[in-house]
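For reference, the structure is listed below as C-alpha cells.
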Amino acid sequence: MDALRDKESLRRSCDRFLSHDPPLSPSRALADLAAFLPEETEADFYGSGQLIEDFEARIAEILGKPAAVFGPSGKMLQNAALRVWADRQGCPTIALHRQSHIFAEEAEAYQSVFGLQAAAMGEPDRLAVPADLDAIVEPLGAVALELPLRRFGCRLHPWSDIEGFAAMARDKGVALHADAARIWESQPFYGRSPAEIAAPFDSLYVSFYKGLGGLAGGALVGPEDVVAEVRLWRQRCGGQLIHLFPYVAAAMKGLEERLPRMTAYHEKAKAIARGLSVLPGVWVTPDPPQANALLVSLETGGADLMEAALDVAEESGLWLFNATLISPYDGRGLFEITVREGAMALSDAEIVEGVVALQRALARRNAAEKVA
Numbered sequence: 000m001d002a003l004r005d006k007e008s009l010r011r012s013c014d015r016f017l018s019h020d021p022p023l024s025p026s027r028a029l030a031d032l033a034a035f036l037p038e039e040t041e042a043d044f045y046g047s048g049q050l051i052e053d054f055e056a057r058i059a060e061i062l063g064k065p066a067a068v069f070g071p072s073g074k075m076l077q078n079a080a081l082r083v084w085a086d087r088q089g090c091p092t093i094a095l096h097r098q099s100h101i102f103a104e105e106a107e108a109y110q111s112v113f114g115l116q117a118a119a120m121g122e123p124d125r126l127a128v129p130a131d132l133d134a135i136v137e138p139l140g141a142v143a144l145e146l147p148l149r150r151f152g153c154r155l156h157p158w159s160d161i162e163g164f165a166a167m168a169r170d171k172g173v174a175l176h177a178d179a180a181r182i183w184e185s186q187p188f189y190g191r192s193p194a195e196i197a198a199p200f201d202s203l204y205v206s207f208y209k210g211l212g213g214l215a216g217g218a219l220v221g222p223e224d225v226v227a228e229v230r231l232w233r234q235r236c237g238g239q240l241i242h243l244f245p246y247v248a249a250a251m252k253g254l255e256e257r258l259p260r261m262t263a264y265h266e267k268a269k270a271i272a273r274g275l276s277v278l279p280g281v282w283v284t285p286d287p288p289q290a291n292a293l294l295v296s297l298e299t300g301g302a303d304l305m306e307a308a309l310d311v312a313e314e315s316g317l318w319l320f321n322a323t324l325i326s327p328y329d330g331r332g333l334f335e336i337t338v339r340e341g342a343m344a345l346s347d348a349e350i351v352e353g354v355v356a357l358q359r360a361l362a363r364r365n366a367a368e369k370v371a
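In numbering that gives the first Met the number 0, the protein residues as written are 0 to 371.
Now the structure itself:
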C-alpha cells in the first residue's frame, strides 16, 4: 500500500501545512505578480534595465554594502564570490563548517565547478567558534559562515563570535563571507537591522525565496569590484538569463509583504517549541528557536517517519513536513519545522495535535510490524 502512495499528490490534497508555504499555484502567483508590478514596468534584458538595477541598488542599501548583483541561483553567486576572494589571495582553500550548506548540500560545487577546496572549521556536531578558525594553520583564500546554520535547526552564532570571526579573518588577511540566505529571519534574534548584521562581513549572499516567499534567486552583496567579477561568473555559469523580472518582482513583493512578518514567524516558532517540548518522547532544538525554524526529534521504534507523516496527511489533511532525517548521534527520527504562512494559519493546539497524531501513526506501524 505504501509503495502506491504518491507523496506529491497527497501533499497537494492537504488543506493545512505546518512547514514552509502551501503548494504554489503558478497561475495565481503570476497573477499576483502582474498586479504588483506597475503596468509601465519594462523587462530587464540580460541583467540590465531599470527594474533589476534599481532592485540591486536597493538591496545594497538595505545591507549597507557598496554593490549587489541579483541572480537566479544563490549557490552560483556565493561560490563565485568565494572564487573571487580566493583568486585574490592566490589560494583555493576556504574555511567551511562541515555541516554548512556549501560543504554538505551542493554536490561539492565549490570544488567541482569553482576549483576550490575546503579546510574544515570546527567540529561537525557544534557551531564553529573563532578559536576553530585560529586553529587552521594552512593558508586560506576566504572564510565562510552559514548564518543561521540550517542543519542545526537554524542556529545562530552569538554576536560576540561574529565579531571574533571578523577580527580573526582580518588578522589572517582574508575575506569573511556569509551564507546569509536567512538574514531576514535572523533579525529578531540579533535585534539588529540587516545592515548591522551584514557589517562584519566582506560579502554576503541573501535569498529571496525562503522566508520572503519569492520564486527563486538571491543577491550577492559586497565591494563594487568583487560584485563586478561575480557578474562575470554569473555569465560564465549560465545565470545571466535573458529575463529575470519574474524573480525580481517576486523578491520585491516578498520584501514588502513578508519582511515585516519575521518577528511574528520567530514568535510562532518559539510557541511551537514550547508546545512540543512538553510532549513525552519529543525533543526540539534549538530550544527556544533562534530563527523561524526548529528541528524536532522523536523515537520512531523502527517505523518509517515519512510514511507515518503520510498517514497523518491522509487522515487529517495536515501536511507536517517534506523530508526526514535520522540523527547520526542518537538514532532518533528528525524533521524540520520552518514557520512561514502555513504554520501561521494553524493554532498552536493544532500543531501539537498533529505531532501527537504522528506519534500514534508510528505506534500503529510498529505494532503492525510486530504482528507481521
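Just so you know, even glycine gets a beta-carbon here, dropped at the ideal spot from N, CA and C.
Spatial neighbours of Ala356 within its chain, please: CB distance less than 8 Å, with the 5 preceding and 5 following residues excluded, ordered by chain position. Val311, Glu314, Ser315 and Leu317
Within a Cβ cutoff of 7 Å, which residues of the same chain sit near Gly253, ignoring the five residues on either side of it in sequence? Phe207, Leu211, Gly212 and Gly213
Start and end of the alpha helix (DSSP H) containing Leu211? Careful: Leu211 lies outside any alpha helix (DSSP H) and carries neither H nor E.
Could you spell out the range, first to last residue, of the alpha helix (DSSP H) harbouring Ser111? Ala108 to Ser111
My assumption, with CB atoms under 8 Å, is that Phe261 sits in contact with Trp158. Please give the rounded CB distance. The sequence given here places Met at residue 261; Phe does not occur at that position. Incorrect: roughly 17 Å between the Cβ atoms, too far for contact.
Go ahead and label Gln49 buried or exposed: buried means 16 or more other beta carbons lie within 10 angstroms of its beta carbon, across all protein chains shown. exposed
Across the region 39–48 and the region 192–204, are there enough close Cβ pairs to call them in contact, namely three or more that are closer than 8 Å? no
Residues that Gln116 bridges to, as DSSP identifies them: Thr92
Counting along the chain, where does the alpha helix (DSSP H) carrying Asp53 start and finish? Gln49 to Leu62
Terminal residues of the continuous alpha helix (DSSP H) containing Val226? Glu223 to Arg235
Ala290 to Pro138, Cα distance in whole Å? 33 Å
On the three-pair Cβ rule with 8 Å, is the region 262–278 touching the region 131–149? no
Taking DSSP's pairing of strands, which residues face Val351 in a bridge? The partner list for Val351 (beta bridge, DSSP) is empty, contrary to what the question assumes.
Just verifying my parser: in three-state terms, what is the DSSP assignment at Arg15? strand
Do Leu294 and Glu335 have their C-beta atoms closer together than 9 Å? yes
Counting along the chain, where does the beta strand (DSSP E) carrying Val68 start and finish? Ala66 to Gly70
Helix, strand or coil for Phe44, going by three-state DSSP, please let me know. strand
Where does Val370 land, buried or exposed, given buried means 16+ other C-beta within 10 angstroms? exposed
Leu23: buried (16+ other C-beta within 10 angstroms of its C-beta) or exposed? exposed
Measuring straight from C-alpha to C-alpha, what distance separates Ala127 and Leu144? 9 Å
State the DSSP-derived secondary structure class of Ser296, mapped to helix, strand or coil. strand
Is the region 171–181 close to the region 88–104, with three or more CB pairs under 8 Å? yes
Leaving aside the five residues before and after Arg230 along the sequence, list all residues of the same chain whose C-beta is less than 6 Å from its C-beta, in chain order. Val68
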